[in-house]
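J.: When we follow the working numbering, the leftmost residue of the sequence shown carries the number 6, and every step to the right adds one. Even for Gly, the Cβ is constructed at its ideal location relative to N, Cα and C. Predicted, not measured: the structure shown is a model, and the values here were computed from it.
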Amino acid sequence: MSRIVFDETAIAARVRELGDAITADYADGPLLVLGLLKGSFIFVSDLVRQVKRPLQVDFVVASSYGTAMSSSGDVQMVYDPETDLAGKHILLVEDIVDSGRTISVLWDVLSKRAPRSLAICALLHKHMAEHLHHPVRYVGFDAPNEFLVGYGLDHAEDFRHLPYIASLK
Ligand code: IMP
Ligand code: MG
């Protein structure tokens with residue numbers, strides 16, 4: 006592991022700011038925070054504790070079959086939320102936006118379920134996303150174009166537990 010890119014203190018401060026912004030932006034109506042597993046599991050658990058309004062939490066599982074360091078274009082929904090999405094504000098939470106394919110597929114699926122609103126929150130954004138046709142409303146950090154692990158992000162399922170985000174490059 007070459008270097009720590011975002012340490013625990015920086016992450017906690019930024020997550021608090023995101024929570025404040027979400028609290029301010031969603032004045033009324035039911036809010037469902039929908040985490041994309043597995044990568045968002047730590048981020049979601051920290052983020053929802055910084056949102057000071059009622060909300061519900063659920064998860065989606067999408068998988069893209071590719072090599073360890075790059076995702077293929079074939080994105081599948083493996084677990085679909087039990088919750089009825091109709092009439093709710095949906096905040097889709099992703100660990101990292103790379104090509105944007107995962108988010109784009111999920112957006113298309115979720116937007117058909119008549120949510121009251123749909124928005125994306127990504128902890129990290131590489132700004133490489135030529136496949137992303139929807140805005141990412143909340144971005145934790147602009148990420149370097151390196152392979153990042155920790156705080157939920159894996160390489161071949163390792164490193165998710167690290168409390169900081171590090172570059173493998
Ligand atoms: P996208 O569909 O190309 O935007 O890929 C997003 C998904 O690929 C993320 O949810 C991660 O699971 C994975 N991914 C992309 N870049 C990285 C990285 O730097 N580290 C770990 N996982 C990554
Ligand atoms: Mg992964």
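#1: Can you say whether ALA29 is buried or exposed, counting buried as having 16 or more other CB atoms within 10 angstroms of its CB?
#2: From the beta carbon of PHE46, is the nearest beta carbon of chain C less than 8 Å away?
#3: When you compare each of TRP112, VAL56, GLY44, ILE170 to GLU22 by their alpha carbons, which one comes out closest?
#4: Find out if the Cβ-Cβ distance for the pair LEU115, ILE27 is shorter than 8 Å.
#5: Given the structure, does GLY24 come close to the ligand IMP, in the sense that its CB is under 7 Å from one of the ligand's heavy atoms?
#6: Counting along the chain, where does the beta strand (DSSP E) carrying LEU111 start and finish?
#7: Restricting to runs no shorter than 3 residues, where is the beta strand (DSSP E) found entirely within the stretch 119-167?
#8: Can you give the beta carbon distance from LEU42 to VAL66, rounded, assuming they're within the 8 Å contact cut?
#9: For the stretch 152-169 and the stretch 135-144, state whether three or more C-beta atom pairs, one from each stretch, are separated by less than 8 Å.
#10: Keeping to the same chain, check which residues put their C-beta closer than 6 Å to that of LEU60; ignore five residues upstream and five downstream.
#11: Where are the alpha helix (DSSP H) runs, 4 residues long or more, that stay fully inside the stretch 21-59, in chain order?
#12: Specify the secondary structure class of ALA91 as computed by DSSP and reduced to three states.
#13: Measuring straight from C-alpha to C-alpha, what distance separates LEU123 and PHE11?
#14: Is it true that the CB of HIS94 sits closer than 8 Å to the CB of TYR169?
T.: Concretely, from the data shown:
#1: exposed
#2: Chain labels in this structure do not include chain C; a single protein chain is all it has.
#3: VAL56
#4: no
#5: no
#6: Per DSSP, LEU111 belongs to no beta strand (DSSP E); it is in the alpha helix (DSSP H), 106-116.
#7: 122-130, 143-147
#8: 5 Å
#9: no
#10: LEU36, VAL38
#11: 46-53
#12: coil
#13: 28 Å
#14: no
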